[in-house]
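The structure appears right after this line, and notes come after that.
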Amino acid sequence: MNDSSRQAKFLKDYAPPNYLIDAVALDVSLAPKAARVASTLTIRPNPEAAKTGQPLVLDGEALTLQRIALNGKEFAPGDYTLSPGSLTIEAPPAESFTLEVVTLCDPEANTELSGLYRSNGTYCTQCEPEGFRRITYFVDRPDVLAVCTVRIEGDRDTTPVLLSNGNPVASGDIPGNRHYAVWHDPFPKPSYLFALVGGDLASIHDTFTTAAGRKVALAIYVEPGKEDRCGWAMESLKRAMRWDEERFGLEYDLDVFNIVAVSDFNMGAMENKGLNIFNDKLVLARPDTASDADYASIESVIAHEYFHNWTGDRVTCRDWFQLCLKEGLTVFRDQEFTGDVRMGPVERIITARLLKTHQFPEDAGPLAHPVRPASYIEINNFYTSTVYEKGAEVCRMLQTLLGRDAFRKGLDLYFERHDGEAATVEDFVSAMADASGRDLTQFMRWYTQSGTPELACSLDYDPHRKTARLKVSQVVPPTPGQSSKEPMHIPLKVGLIGANGDELPLKIDGEELAEGLLEVTEREQVFEFQNVPAPPTPSLLRDFSAPVRLTTNLNPDQVEFLMMHDSDPFNRWQAAQTYANNLMTAAARSGLDTGPVTGTEAGRLAKALATTVRDETLGAAYRAEALKLPSESDVARELGHDVDTDAIHAARGALRAKIGDTIGDTLAEIYQAATPPGPFSPDPESAGLRALRNAALDLLTATETDAAIDRAMRHYREASNMTDAIIALSILSHLQSPVRDEALEDFYKRWQDEPLVLDKWFAVQARATRPDSVETVRGLLGHPKFSLKNPNRVRALIGSFAQANPSGFNRADGEGYRLLADQALAIDRFNPHVAARLLGAFESWHTLERRRQAHAKAALESLANQELSTDSYEIVSKTLAGT
Ligand code: BES
Ligand code: ZN
8 MNDSSRQAKF
18 LKDYAPPNYL
28 IDAVALDVSL
38 APKAARVAST
48 LTIRPNPEAA
58 KTGQPLVLDG
68 EALTLQRIAL
78 NGKEFAPGDY
88 TLSPGSLTIE
98 APPAESFTLE
108 VVTLCDPEAN
118 TELSGLYRSN
128 GTYCTQCEPE
138 GFRRITYFVD
148 RPDVLAVCTV
158 RIEGDRDTTP
168 VLLSNGNPVA
178 SGDIPGNRHY
188 AVWHDPFPKP
198 SYLFALVGGD
208 LASIHDTFTT
218 AAGRKVALAI
228 YVEPGKEDRC
238 GWAMESLKRA
248 MRWDEERFGL
258 EYDLDVFNIV
268 AVSDFNMGAM
278 ENKGLNIFND
288 KLVLARPDTA
298 SDADYASIES
308 VIAHEYFHNW
318 TGDRVTCRDW
328 FQLCLKEGLT
338 VFRDQEFTGD
348 VRMGPVERII
358 TARLLKTHQF
368 PEDAGPLAHP
378 VRPASYIEIN
388 NFYTSTVYEK
398 GAEVCRMLQT
408 LLGRDAFRKG
418 LDLYFERHDG
428 EAATVEDFVS
438 AMADASGRDL
448 TQFMRWYTQS
458 GTPELACSLD
468 YDPHRKTARL
478 KVSQVVPPTP
488 GQSSKEPMHI
498 PLKVGLIGAN
508 GDELPLKIDG
518 EELAEGLLEV
528 TEREQVFEFQ
538 NVPAPPTPSL
548 LRDFSAPVRL
558 TTNLNPDQVE
568 FLMMHDSDPF
578 NRWQAAQTYA
588 NNLMTAAARS
598 GLDTGPVTGT
608 EAGRLAKALA
618 TTVRDETLGA
628 AYRAEALKLP
638 SESDVARELG
648 HDVDTDAIHA
658 ARGALRAKIG
668 DTIGDTLAEI
678 YQAATPPGPF
688 SPDPESAGLR
698 ALRNAALDLL
708 TATETDAAID
718 RAMRHYREAS
728 NMTDAIIALS
738 ILSHLQSPVR
748 DEALEDFYKR
758 WQDEPLVLDK
768 WFAVQARATR
778 PDSVETVRGL
788 LGHPKFSLKN
798 PNRVRALIGS
808 FAQANPSGFN
818 RADGEGYRLL
828 ADQALAIDRF
838 NPHVAARLLG
848 AFESWHTLER
858 RRQAHAKAAL
868 ESLANQELST
878 DSYEIVSKTL
888 AGT
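When you read off a place in the sequence shown, starting at 1, and then add 7, the result is the number in the numbering used here.
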């Protein structure tokens, strides 16, 4: 490993590029082992560069240089220098010039899946963040924007489909059974948005007419035989296109929009201009192969990548420290889309749950970093929950503080100022400030300070003055590299609820508070509400208005009151979660004593849940969410230290059984009644009914009575869609019962030749919380259908085990840690990005009880002693150091 790649890069060191590349013409000739790329670059010195006359340094990796010429004149070997990561031309001309470079690369040998590679025979590319340098020599950084023309040449039989960015301009045959296609993208773009596909693919086609009346040809390309699984993705795309016009006034800008699905992909999907490339699991769906959860992911990821066309492609990032500028904002936009096409409050619950489960631990651990990091060693490690999910919350807070209209004006101004440019977080926030007239100086701390703010609220009522005083204090905890923090600008949405459940007016200094929005800006602050007739119950942080940890002085009776009466659906859900989490943490703290989760308080929780699920005004999807208890990792996070994952598992299991037992009749009724009518439809209402029914089944089976197990097995046998089948299989997978093996075997027989469905089979077993889950996973690593080379399969088995089976992964003998370390090391040799992501599972090791900590530390240290990629080195060293 060369040590220079392990050096941290700093935001403060940003300098504009010495050279700009205005135009690129690529001529790519596809071949399995030696693809030839001839590139013609129009280059000029950057007038904004600090110095003139600098050498031109082009990035390049794993390339074989064949020819290089400047202004048509062939270079002699001494005119340039080559290193493993770059090609340097010491003295380029001071005026615009043309550089021609011909290189070879090896798509078949590309196991990192970055650059040009082959997936099941299809040639495809992945260039974000630094993959373009594996295709040709280039100034591979996001602030170099070029207009690009691509000519692709390939075999007519094996690559009948040839695609790239922009619009198609020409195509034709070449003698020798080859053919070509030419694509032109008129919008200047950075190299990371380049894409190319060549393969024998089937496709479905549709059209979309923009608000301005432009007709856009839409297509989705997949492996032949899978065309019947593209309909939902196409519908989702059209919905997203319409929504972005209606909500943000943003229209599509090319004549075509193409999506390609491939089966080997490191991430979920990629927003290449005009040619989005997707992991096929986020495109393909048929009722028998995809669950409602899959349909929902497809809808939101299709939307996400499409929305990047403006937030990412038309306006891109100046440097990779600004990643949240495109990702946080685009996640916010896809969340708003999902909230509009599905049930808003349910979307908010799912988002908040995801944030708390993934981002809060990241922000509290050794890998904590600001939404805009100040430094990184390997940028691939910064596609994190903090950049994405917290980044989205930061955009949401801006919308909350400014109001929807001013937020929209701010976004309009941002596009007006920066279309066709590479921008910064400051550019974005300045547009918001200028459009709204608000001072956002303090708000900028959300981008620079890491750590989840802790907000403590207490309410006191004065019966004589009829006032309620809300005391709010905030602390931002220390994080690696940031020992002391400044107070944040926090939007805090509140309500006061009277004894009969009515919302009380919110009056401060004689003025009615709009939307119940308070702005917390100081370390300690008091808000006094006037004309409060009787002692109210406060509903705090409504709609999860800020990504903070909230503590309150509410007693259990008040929490119970909120879970029955809060008119804010998010907080009503949150109250039940808080109540349940309190019971489980109490039980887990007292070791294996399950008293707190089986006593009268647990009974009260069960009854409150029954009231909620019987309330048909609430919507099925919402009621389903209400029935889902906080996860084992939610309980671990609440505990914060000395975590014993077995005690948590026991506590949660006992509470589930108690609820299943206490409100068994209600749950059984729901189970009988909540069946969506007619043939399968993935629409939100039908999906909500299935979710509700399956959540009831899950709690009913927690009692583990014979009748309950029979019911679950029947559910599996009678399932007419993947949603029902997979939930039943997952419920059965935890049991020590012959029906478990029977169901797993049946599922395997039916689906062994369907990779995406078989992934579910691996994942279900990896997640099953049984004493021998480590051995089960080890066994499956040797299964003939398992492969370390396919990222989806790796994530299904190893990822699910490490991320979604806390008691298995954290088994007290340390075997889970050893399994992950061994496998990550093996993967690191050929695909560092996937390996490093898996190693993120160690991020909370410092919160474990001592014995587990020692095992985790030993596993991390054994990795640190190995030859690691830069990616894995950064994760391992920071995880070990940051405690
Ligand atoms: N730009 C990313 C894809 C990406 C990330 C490529 C990291 C290379 C490295 C894309 O827009 C994205 O964010 N994809 C997400 C899914 C999205 C819905 C959050 C992904 O791939 O996980
Ligand atoms: Zn994205």
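Quick reminder that beta carbons are idealized off the backbone N, C-alpha and C, glycines included.
This structure is a prediction, so every number in the text was calculated from the model and none was measured.
8 Å Cβ cutoff, residue i in contact with chain C
i: residue 753; result: Absent from the structure is chain C; it holds one protein chain and no more.
Residue from the options with nearest C-alpha to residue i
i: residue 394; options: 101, 760, 457; result: 457
i: residue 41; options: 602, 109, 648; result: 109
i: residue 832; options: 72, 843, 31; result: 843
i: residue 555; options: 536, 588, 481; result: 481
i: residue 475; options: 452, 492, 502, 487; result: 502
i: residue 12; options: 386, 717, 789; result: 386
i: residue 791; options: 781, 806, 765; result: 765
i: residue 44; options: 83, 80, 144; result: 144
i: residue 15; options: 400, 883, 877; result: 877
i: residue 581; options: 74, 784, 436, 363; result: 363
i: residue 777; options: 743, 756, 689; result: 743
i: residue 435; options: 462, 334, 484; result: 334
i: residue 413; options: 430, 443, 402; result: 443
Three-state secondary structure assigned by DSSP to residue i
i: residue 175; result: strand
i: residue 656; result: helix
i: residue 886; result: helix
i: residue 863; result: helix
i: residue 799; result: helix
i: residue 87; result: coil
i: residue 722; result: helix
i: residue 778; result: coil
i: residue 565; result: helix
i: residue 264; result: strand
i: residue 270; result: coil
i: residue 245; result: helix
i: residue 463; result: strand
i: residue 479; result: strand
i: residue 76; result: strand
i: residue 27; result: strand
Residue range of the alpha helix (DSSP H) that includes residue i
i: residue 6; result: The shown model of the chain, from 8 to 890, leaves out residue 6, and the question about it has no answer.
i: residue 346; result: 330 to 348
i: residue 295; result: No alpha helix (DSSP H) holds residue 295; DSSP gives it neither H nor E.
i: residue 581; result: 576 to 596
Proximity below 8 Å, CB of residue i to CB of residue j
i: residue 223; j: residue 268; result: no
i: residue 296; j: residue 319; result: no
i: residue 300; j: residue 286; result: no
i: residue 493; j: residue 408; result: no
i: residue 751; j: residue 806; result: no
i: residue 813; j: residue 640; result: yes
i: residue 279; j: residue 371; result: no
i: residue 720; j: residue 739; result: yes
i: residue 652; j: residue 817; result: yes
i: residue 21; j: residue 146; result: no
i: residue 709; j: residue 660; result: yes
i: residue 189; j: residue 176; result: yes
i: residue 161; j: residue 138; result: no
i: residue 646; j: residue 595; result: yes
i: residue 165; j: residue 105; result: no
Range covered by the beta strand (DSSP E) that runs through residue i
i: residue 545; result: 544 to 547
i: residue 194; result: 185 to 196
i: residue 498; result: 497 to 504
i: residue 161; result: 153 to 162
i: residue 46; result: 42 to 52
Kindly provide the ranges of any beta strand (DSSP E) runs that are 3 or more residues long and lie completely inside the segment 203 to 237, ordered along the chain. 203 to 206, 209 to 216, 222 to 229
Only counting runs of 4 or more residues, tell me where the alpha helix (DSSP H) segments fall wholly within the segment 418 to 454, in order along the chain. 432 to 443
Segments of 4+ residues assigned as alpha helix (DSSP H) that fall wholly inside the segment 600 to 675: 602 to 605, 607 to 621, 627 to 634, 639 to 646, 652 to 669
Threshold first: 4 residues or longer. Then list the alpha helix (DSSP H) segments lying entirely within the segment 360 to 414, N to C. 367 to 370, 398 to 409
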